[in-house]
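Enquirer:
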Amino acid sequence: MDTTHKAQVIANEKNLLEAMKTNNVELLDRLLHDDLLFNGPDGKTATKAMDMANYRSGNINLRTVKSSDLMLNAIDDDIVVAVTVEIQGNYLGQEINGKFRYLRVWKLFENDWKVIAGSVVALNSDS
14 MDTTHKAQVI
24 ANEKNLLEAM
34 KTNNVELLDR
44 LLHDDLLFNG
54 PDGKTATKAM
64 DMANYRSGNI
74 NLRTVKSSDL
84 MLNAIDDDIV
94 VAVTVEIQGN
104 YLGQEINGKF
114 RYLRVWKLFE
124 NDWKVIAGSV
134 VALNSDS
């Protein structure tokens, strides 16, 4: 794997989590591809437009967003990331306090890495 690409995606992962925590919709807009599909822990598939609307609503207030157990795999010009994220806060009126395992696919478009696909599952408290 190209170490520059790896470093760029790791930096973007950190930026993405910070954008989630701070409701930075401008940064989220830059990091997410317009045709993104994302499967949530409830099994429903969301688009970028749906995700952005949720963040713009102001009803996402995350106090803690900490990552661990990051793994990267490069496949041609895509990088697949698996990462555990501890989240505490409120998401659209629902309290969240737990660990989640995210899988994201980052694709290089000219000089910008964007998330083109992803999913998240809740982890048991002993995971």
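Just so you know, the numbering used here puts 118 at position 105 of the sequence shown, and the rest follows in order with no gaps. Even for Gly, the Cβ is constructed at its ideal location relative to N, Cα and C. As the structure is a prediction and not an experimental result, all values here were calculated from the model.
#1: So what's Asn36 in DSSP terms, helix, strand or just coil?
#2: Return helix, strand or coil for Leu83, following the three-state DSSP convention.
#3: In whole angstroms, what separates the C-alpha of Leu41 from that of Ala32?
#4: Over the uninterrupted beta strand (DSSP E) stretch that includes Asn52, give me the two end residues.
#5: Measure the alpha-carbon distance for Asn52 versus Asp82 and round it to whole angstroms.
#6: Within the chosen definition, does the segment 89 to 97 reach the segment 62 to 71 through at least 3 CB pairs nearer than 8 angstroms?
#7: Does the Cβ-Cβ distance between Leu49 and Ala130 come in under 8 angstroms?
#8: So, at 8 angstroms on beta carbons, what are the nonlocal neighbours of Gln21 in its own chain, with the 5 sequence-adjacent residues on each side left out?
Expert: So, to answer that:
#1: Taking the sequence shown and counting its residues from 1, one reaches residue 36 at position 23. Asn36 falls in the coil class under three-state DSSP.
#2: Sequence index remark: in the sequence shown, residue 83 carries index 70 (1-based). Here Leu83 sits in strand by DSSP.
#3: Taking the first residue of the sequence shown as 1, we reach residue 41 at position 28. Taking the first residue of the sequence shown as 1, we reach residue 32 at position 19. Rounded to whole angstroms, Leu41 to Ala32 spans 6 angstroms at the Cα level.
#4: Numbered from 1 along the sequence shown, position 39 holds the residue referred to as residue 52. Its beta strand (DSSP E) spans residues Leu45 to Asn52.
#5: Here the question's residue 52 lines up with position 39 in the sequence shown. Here the question's residue 82 lines up with position 69 in the sequence shown. For Asn52 and Asp82, the distance between alpha carbons rounds to 20 angstroms.
#6: no
#7: Here residue 49 refers to the residue found at position 36 of the sequence shown. Here residue 130 refers to the residue found at position 117 of the sequence shown. In this structure, Ala130 lies closer than 8 angstroms to Leu49 by Cβ.
#8: Looking up residue 21 in the sequence shown gives position 8. Excluding positions up to five away in sequence, the list reads Trp126.
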